[in-house]
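One rule links them: number in the working numbering = place in the sequence shown (from 1) + 282.
Worksheet: one structure, shown below.
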Amino acid sequence: MGHIAHAQDLESDADYVNAHNIARCNVSTRVSLPNVVWDDYLGHFARVYAYQRTDCKLIHSGDNSFGENIFVSDRDINDTDAVKLWVNHKRYYDSSRNKCVGGECHQYTQIVWRKSVSIGCYKVKCKNGGTFVICYYAPRGNILGEAPY
Numbered sequence: 283m284g285h286i287a288h289a290q291d292l293e294s295d296a297d298y299v300n301a302h303n304i305a306r307c308n309v310s311t312r313v314s315l316p317n318v319v320w321d322d323y324l325g326h327f328a329r330v331y332a333y334q335r336t337d338c339k340l341i342h343s344g345d346n347s348f349g350e351n352i353f354v355s356d357r358d359i360n361d362t363d364a365v366k367l368w369v370n371h372k373r374y375y376d377s378s379r380n381k382c383v384g385g386e387c388h389q390y391t392q393i394v395w396r397k398s399v400s401i402g403c404y405k406v407k408c409k410n411g412g413t414f415v416i417c418y419y420a421p422r423g424n425i426l427g428e429a430p431y
């Protein structure tokens, strides 16, 4: 069997950062969040785990050292499609009650977690032709009892 995963370039890293920062800028007119920056250490760990998921199974790494978002598609996707999907979960986040209402929102709250200012993401092509994407965040967000911003 050949090598199925592909390397990610610096342009992709910047795409992930930009997609996250756009989401953080669009939280609310009353909220100003710091920008995230690319972290090579997190990028390395994202790459290592992504290579383990070329089976395209939607399984979290189990490492609670970092925040984590994962995404699986049955087709090849743009580097930032996963981020856009996570951001679309904003509609389920009720900031006045700090809870998800009507759907899953924790991927979104991780993206806009004020203290999570470093990210590393990676995308691999799966054996079935699909795509697996992972982003790690530091410091970790989605702390029980705390609001993201």
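Glycine is no exception: its CB is placed at the ideal position from the N, C-alpha and C atoms.
What you are looking at is a predicted structure, and each value in this text was computed from that prediction instead of being measured.
- Residue environment for Y333: exposed (fewer than 16 other C-beta atoms within 10 angstroms of its C-beta).
- Distance from the CA atom of Q389 to the CA atom of G411, rounded to whole angstroms, is 24 Å.
- DSSP places I425 in the coil class of the three-state scheme, outside both helix and strand.
- The continuous beta strand (DSSP E) containing Y419 extends over residues 413-420.
- K407 sits in a strand when the DSSP states are folded into three classes.
- When only Cα atoms are considered, K339 and V354 end up about 7 Å apart.
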